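Written out below as structure tokens is the structure these notes cover.
2 protein chains.
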Amino acid sequence: MTAEPGVTAPPRSKYLQIKDALLEAYIDGKPAGSALPPERVLAADFGVTRVTVRRAIDELESDGLVYRVQGGGTYSVGPSIAKSLRLTSFSEDVRARGRTPSSRLLEVAHGAAGDEVGRSLHLSPGDGVVTVRRLRMADGEPMCLEVCALAAATVPGLEDLDLTGSLYELLERHYGIAPTRAEQLIEATVLDEHDAAMLGVPPFSAALRATRTSYDSRGGPVEYAVTTYRADRYSLRFAVRRD
Amino acid sequence: MTAEPGVTAPPRSKYLQIKDALLEAYIDGKPAGSALPPERVLAADFGVTRVTVRRAIDELESDGLVYRVQGGGTYSVGPSIAKSLRLTSFSEDVRARGRTPSSRLLEVAHGAAGDEVGRSLHLSPGDGVVTVRRLRMADGEPMCLEVCALAAATVPGLEDLDLTGSLYELLERHYGIAPTRAEQLIEATVLDEHDAAMLGVPPFSAALRATRTSYDSRGGPVEYAVTTYRADRYSLRFAVRRD
DNA sequence: GAGTGGTCTAGACCACACT
DNA sequence: GTGTGGTCTAGACCACTCC
């Protein structure tokens with residue numbers, strides 16, 4: 001059972017392959033409002049059942065890339081808009097925008113979890129946590145300040161590793177920990193003089209603050225992170241639907 | 001054509017009924033991490049196929065209320081967290097929080113669309129738009145400033161209607177227009193003296209700004225709205241997953 | 001009426017977790 | 001091995017839109 005030459009990727013599910021094919025054929029570079037072929041036609045073309053085609057289109061719809069009209073058809077929203085809400089690390093995020101991520105490590109500290117962090121990580125307030133403070137940059141330009149807390153017991157020796165890259169990659173490689181889902185809170189705030197100076201903006205500038213608790217596939221909390229983004233460099237864009 | 005006594009709601013799809021039943025039985029009031037029964041058991045209990053049960057659980061998962069572990073099971077995230085990202089009007093939003101919405105109408109103006117609004121509403125810059133400025137409140141307390149633009153041709157006589165309630169309800173009732181999806185941009189900003197006074201907070205306070213373009217079921221743009229929320233009263237909370 | 005998306009059935013096999 | 005969720009098939013009927 002060998003793969004076709006040029007097909008080096010691991011065998012992905014059909015509906016994901018179809019999603020990519022639809023993206024390339026009917027969405028990327030097509031004007032907004034272009035119609036996709038009917039589901040039954042696509043099913044025949046791809047040699048799958050309609051259920052599988054629908055699954056692919058379900059993903060495109062929840063990503064905000066197409067919309068459906070019952071009895072009407074399926075239409076492209078247009079090529080440029082609508083980034084979906086996926087759990088991504090800062091490094092992945094910056095690379096996806098075609099820029100180069102880097103970090104300046106500000107502090108690695110051991111201490112007690114305390115109340116809020118302990119509750120989020122399912123620890124007692126006195127349990128040990130490692131706190132990593134970093135200034136994160138894209139093409140060398142400051143983008144956000146990140147404070148990340150992890151249960152000390154789960155990441156022994158973290159402070160001796162290179163913390164200027166992707167924390168998610170590092171957790172996976174050294175500890176076999178991989179966050180798969182997270183709860184996220186987005187607020188607006190104003191930067192104090194210290195944080196503003198770090199980010200290279202005037203004091204009292206606006207900022208977006210994201211507070212995130214990440215969980216691994218077994219449901220255990222992995223990371224509690226507070227990230228403060230420059231308002232002039234960061235925004236959230238997504239599609240919403242009505243029930 | 002009368003409904004059954006006691007069955008006042010229109011017949012909803014099975015998977016939505018199952019979703020509600022699962023919510024009540026296994027999520028509301030249950031501690032985080034509680035396991036749901038296996039999909040095959042639920043299918044038998046509800047007298048449907050596994051596909052239909054999975055569809056219900058798909059919705060719960062994308063709402064951030066449960067998470068699944070392949071080979072393991074399906075678990076509740078807990079009762080309190082994770083509001084989903086649905087397209088809701090301010091009035092609906094406030095009522096969902098158990099408070100009473102109200103509005104103060106600041107201005108209704110006719111004018112040319114201009115560049116940005118025109119592009120969003122698929123109009124020429126010189127086409128007419130109606131702009132509605134409102135201060136929106138919950139239990140009488142200022143929550144946000146809303147500026148909403150609609151194509152003048154689609155809402156004749158809008159300025160003579162009662163604009164202190166839900167704009168979505170009004171669009172539906174008087175013009176048969178119902179937004180079904182939207183693209184939304186979230187940014188952080190700082191309030192100027194005028195807006196801060198309107199919202200009853202000190203000048204230069206932080207605020208969340210949401211810029212939204214809504215579309216009806218046929219894909220036509222309906223509304224271009226910029227809403228500025230008090231940062232101390234409004235935040236966004238949602239669940240994210242990794243691919 | 002013809003065509004489209006929306007829902008649902010009754011199975012099957014695979015990948016992964018637990019023990 | 002057994003049980004779980006993940007994917008997929010080959011149909012069916014309904015609700016809606018457009019002509």
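The listed protein sequences derive, respectively, from chains A and B.
In terms of the numbering used here, the first sequence opens at residue 1 and continues consecutively.
In terms of the numbering used here, the second sequence opens at residue 1 and continues consecutively.
Where a beta carbon is used, it is the ideal one built from N, C-alpha and C, also for glycine.
Keep in mind the model is a prediction, meaning the values are calculated, not measured.
Bridge partner(s) assigned by DSSP for residue i
i, result
"B:ILE186", "A:LEU236 and B:ALA210"
"A:ARG173", "Answer by DSSP bridge pairing: none, since A:ARG173 is not bridged."
"B:PRO142", "B:MET137"
"B:ARG230", "B:ALA207"
"B:ALA35", "B:TYR75"
"B:LEU150", "B:VAL130"
"A:ALA44", "DSSP lists no partner for A:ALA44."
"B:ALA225", "B:CYS148 and B:ARG212"
"A:ARG241", "B:ARG86 and B:ARG181"
Alpha-carbon spacing of residue i relative to residue j, whole angstroms
i, j, result
"B:ARG97", "B:PRO142", "15 Å"
"A:LEU16", "A:ALA56", "6 Å"
"B:ILE81", "A:ASP127", "Confidence is the limiting factor: at B:ILE81 the pLDDT is only 46, short of 50, which leaves the residue's position unreliable and the question unanswerable from this model."
"A:ALA43", "A:THR100", "40 Å"
"A:ALA35", "B:ALA210", "29 Å"
"B:SER235", "A:ARG40", "42 Å"
"B:VAL69", "B:THR154", "49 Å"
"A:VAL77", "B:ARG218", "12 Å"
"B:ALA207", "B:MET137", "15 Å"
"B:TYR215", "A:GLU183", "28 Å"
"A:LEU22", "A:PRO38", "12 Å"
"B:ILE18", "A:VAL53", "24 Å"
"B:TYR67", "A:GLU107", "34 Å"
"A:ASP160", "A:ALA112", "19 Å"
"B:LYS30", "B:HIS122", "48 Å"
"B:THR164", "B:MET198", "16 Å"
"A:VAL7", "A:LEU171", "Any reading at A:VAL7 must be qualified, since the residue scores a pLDDT of 37, below 50, and its modelled position is unreliable; the value itself is stated next. A:VAL7 and A:LEU171: Cα-Cα distance of roughly 30 Å."
"B:THR189", "B:ASP63", "28 Å"
"B:ARG242", "A:TYR75", "26 Å"
"B:GLY220", "B:GLY118", "13 Å"
"A:GLY71", "A:ARG95", "40 Å"
Residue of the options minimising C-alpha distance to residue i
i, options, result
"B:SER102", "B:ILE27, B:PHE90, B:LEU22 and B:HIS194", "B:PHE90"
"B:ILE177", "B:TYR75, B:VAL108 and B:VAL222", "B:VAL222"
"B:VAL132", "B:LEU123, B:CYS148 and B:ASP139", "B:CYS148"
"B:ASP139", "B:ASP93, B:LEU158 and B:ALA112", "B:ASP93"
"A:ARG233", "B:PRO202, B:GLU187 and B:ARG218", "B:GLU187"
"B:THR180", "A:ILE27, A:GLU61, A:ALA25 and A:LYS19", "A:GLU61"
"B:ALA225", "B:MET198, B:ARG173, B:ASP192 and B:TYR168", "B:TYR168"
"B:HIS194", "B:GLY64, B:LEU135 and B:ARG241", "B:LEU135"
"A:VAL240", "B:LEU105, B:GLY220, B:LEU163 and B:LEU87", "B:LEU87"
"B:THR49", "B:GLY165, B:ALA112 and B:LYS14", "B:LYS14"
"B:ASP28", "B:ARG104, B:LEU65, B:GLY72 and B:GLY220", "B:LEU65"
"A:ARG230", "A:LEU105, A:CYS144 and A:TYR26", "A:CYS144"
"A:ARG104", "A:SER166, A:VAL129, A:LYS30 and A:ALA113", "A:SER166"
"A:ASP45", "A:ALA32, A:ALA25 and A:PRO31", "A:ALA25"
"B:HIS174", "B:THR164, B:LEU185, B:VAL190 and B:GLY157", "B:GLY157"
"A:ALA151", "A:VAL129, A:THR164, A:GLU172 and A:LEU170", "A:VAL129"
"B:GLY73", "B:VAL190, B:ARG95 and B:GLY33", "B:GLY33"
"A:LEU185", "A:ARG242, A:SER120 and A:TYR75", "A:SER120"
Classification of residue i by the beta-carbon crowding that lies within 10 angstroms, buried from 16 upward
i, result
"B:VAL51", "exposed"
"A:PHE238", "buried"
"B:ARG212", "buried"
"A:SER124", "exposed"
"A:ASP20", "exposed"
"B:GLU146", "buried"
"A:ALA109", "exposed"
"B:GLU59", "buried"
"B:GLY200", "exposed"
"A:ASP162", "exposed"
"B:ASP192", "exposed"
"B:THR228", "buried"
"B:ARG12", "exposed"
"A:ASP115", "exposed"
"B:GLY47", "exposed"
Problem set entry | Length at least 4, wholly inside the segment 64–138 of chain A: the alpha helix (DSSP H) runs in chain order | 90–96 and 114–121
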